[in-house]
Amino acid sequence: MENQQPSGKKRRFIRTHTIGTFALVLAIIVALGLSWQLFEYRGLMAYLAEWQFNNLGRFYPLVTIALLTLLIEIPLIIVLISRSRSARTEYLLIEEPTALLTRSRLAYRELLFVAAAIGFSALVLGLYASTIGLTVTGKQFNATAAQGPIPSGTRVQMTGALRLDRIALYRSDSLFFDRSLKVAPLQTGPNQPIRFLVEVDARQPEPVRNGKIGGVAASAAVPGPLISLYRNAGFRMAQKPTLIVASIDTVRMPYVRTAWTLAIIALLMFAVGMAERYWYKHLHRQYLIWKDQPEGSPASRRPEWWSTWGWNN
Numbered sequence: 002m003e004n005q006q007p008s009g010k011k012r013r014f015i016r017t018h019t020i021g022t023f024a025l026v027l028a029i030i031v032a033l034g035l036s037w038q039l040f041e042y043r044g045l046m047a048y049l050a051e052w053q054f055n056n057l058g059r060f061y062p063l064v065t066i067a068l069l070t071l072l073i074e075i076p077l078i079i080v081l082i083s084r085s086r087s088a089r090t091e092y093l094l095i096e097e098p099t100a101l102l103t104r105s106r107l108a109y110r111e112l113l114f115v116a117a118a119i120g121f122s123a124l125v126l127g128l129y130a131s132t133i134g135l136t137v138t139g140k141q142f143n144a145t146a147a148q149g150p151i152p153s154g155t156r157v158q159m160t161g162a163l164r165l166d167r168i169a170l171y172r173s174d175s176l177f178f179d180r181s182l183k184v185a186p187l188q189t190g191p192n193q194p195i196r197f198l199v200e201v202d203a204r205q206p207e208p209v210r211n212g213k214i215g216g217v218a219a220s221a222a223v224p225g226p227l228i229s230l231y232r233n234a235g236f237r238m239a240q241k242p243t244l245i246v247a248s249i250d251t252v253r254m255p256y257v258r259t260a261w262t263l264a265i266i267a268l269l270m271f272a273v274g275m276a277e278r279y280w281y282k283h284l285h286r287q288y289l290i291w292k293d294q295p296e297g298s299p300a301s302r303r304p305e306w307w308s309t310w311g312w313n314n
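The sequence shown begins at 2 in the working numbering and counts up by one.
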């Protein structure tokens, strides 16, 4: 059969695909922006985090980001649904028989591209996690006298009073992993801001413990809600306090968990993309069979694979 000329319906489909691509890019940008707000603990994410802690007792960062992204995408989703309904007509396929094939091909390519991008991000994050602490020597660094930021993975030793009577518990849920962190503030001197939060085990709190405390520094690892919690309790907090943990594995763990989460999401999207690719190949074979039918024959009026999508005579 001869190829038919592109119609206004095809141009409408191309515009619909452009809107879909824009919606995908917008969702990625919004998710990255909200993730940055969460990391810096500012803006809307900081407000929602504190609201969830006050009312729910814990913070759900991934669910919060997903719901906010979906809320912003609702107008575009409505437009796409309305356009898709009008495009799913027999008239569209008669005017441009390859429209469904084009839609399926674009869908699986975009899914595989996004899966590859997420998988690459997971790989980079995993490699970064493995490098934390590699350049640090075994000698302990006097963190109490340090003025600037301490690199993550540095083995430190501090002198001060560990306030075990002011232990705070932080819990957050992600898609596949949960996080629980119990810390106590370290007072390094009178009238000094709290520069260190020390991870502690579950034990009976004591009023004050003085002496030397060792551990591994985890820069920019203190959750923002903990800083706000101690400030609201009357503690004078540093701008970005350092988390002190027991081992280097604890420093790497948040990055490793995030990398695994991204890897699982990438695998799921890859599986969906490959399924869509298989479906495209099936449709393409059926289309070639229909295309080779003689002009005017009953088989040339409607390809059999239309019935799969619910179109009738």
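We put the CB at the ideal spot given by N, CA and C, even for glycine.
**Segment contact, 8 Å Cβ cut-off, at least three pairs: the stretch 111-120 with the stretch 253-270** = yes
**Message:** Is it the case that the stretch 242-255 contacts the stretch 70-78, given that we only count it when at least three CB pairs across the two stretches are under 8 Å?
**Reply:** no
**Item:** Reference Ile133; option with closest CA among Thr155, Gly149, Leu112
**Value:** Residue 133 sits at position 132 when you count from the first residue of the sequence shown. Among Thr155, Gly149, Leu112, the Cα nearest to that of Ile133 belongs to Thr155.
**Status (buried if at least 16 other CB within 10 Å, exposed otherwise) for Tyr129** = Numbered from its first residue, the sequence shown carries residue 129 at position 128. Burial call: exposed.
**Asked** When burial is assigned at 16 or more other CB atoms within 10 Å of the CB, is Val125 buried or exposed?
**Response** Here residue 125 corresponds to residue number 124 of the sequence shown, with the count starting at 1. So Val125 counts as exposed.
**Request:** Could you check which residue in Gly274, Leu57, Thr65 has the C-alpha nearest to that of Leu45?
**Result:** Your numbering for residue 45 matches position 44 in the sequence shown. Closest option to Leu45, Cα to Cα, is Thr65.
**Asked** What do you reckon, are the CB atoms on Phe236 and Ala116 nearer than 8 Å?
**Response** One-based indexing of the sequence shown puts residue 236 at position 235. One-based indexing of the sequence shown puts residue 116 at position 115. No, the Cβ-Cβ distance between Phe236 and Ala116 is not below 8 Å.
**Request:** Using alpha carbons as the reference points, say which of Thr70, Asp166, Tyr109 lies closest to Gly34.
**Result:** Along the sequence shown, one-based indexing puts residue 34 at 33. Residue Thr70 is the option with its Cα nearest to Gly34.
**Asked** Given a threshold of 16 other Cβ atoms within 10 Å of its Cβ, counted over all protein chains shown, does Thr19 qualify as buried or as exposed?
**Response** Counted from its first residue, the sequence shown places residue 19 at position 18. Result: exposed.
**Request:** On the DSSP bridge assignment, give the partners of Gly215 in chain order.
**Result:** Start at 1 with the first residue of the sequence shown, and residue 215 comes out as number 214. Answer is Gln158.
**Item:** Val199 - containing beta strand (DSSP E), residue span
**Value:** Reading the sequence shown from its first residue, position 198 is the one you call residue 199. Counting along the chain, the beta strand (DSSP E) containing Val199 begins and ends at 195-200.
**Request:** Provide the residue span of the alpha helix (DSSP H) that contains Gln240, from first to last.
**Result:** Here residue 240 refers to the residue found at position 239 when the sequence shown is read from its first residue. No alpha helix (DSSP H) contains Gln240, which is instead part of the beta strand (DSSP E) from 238-246.
**Asked** Would you report the Cα separation of Ile228 and Leu112, rounded to the nearest angstrom?
**Response** The residue given as residue 228 occupies position 227 in the sequence shown. The residue given as residue 112 occupies position 111 in the sequence shown. The alpha-carbon atoms of Ile228 and Leu112 are separated by roughly 39 Å.
**Prompt:** Which of helix, strand or coil does DSSP assign to Ser315?
**Reply:** Because the chain in this structure spans residues 2 to 314, residue 315 falls outside the shown range and cannot be described.
**Item:** Cut-off 6 Å between Cβ atoms - residues of its own chain near Arg59, not counting five sequence neighbours on either side
**Value:** In the sequence shown, counting from the first residue as 1, residue 59 sits at position 58. The residues are Arg172.
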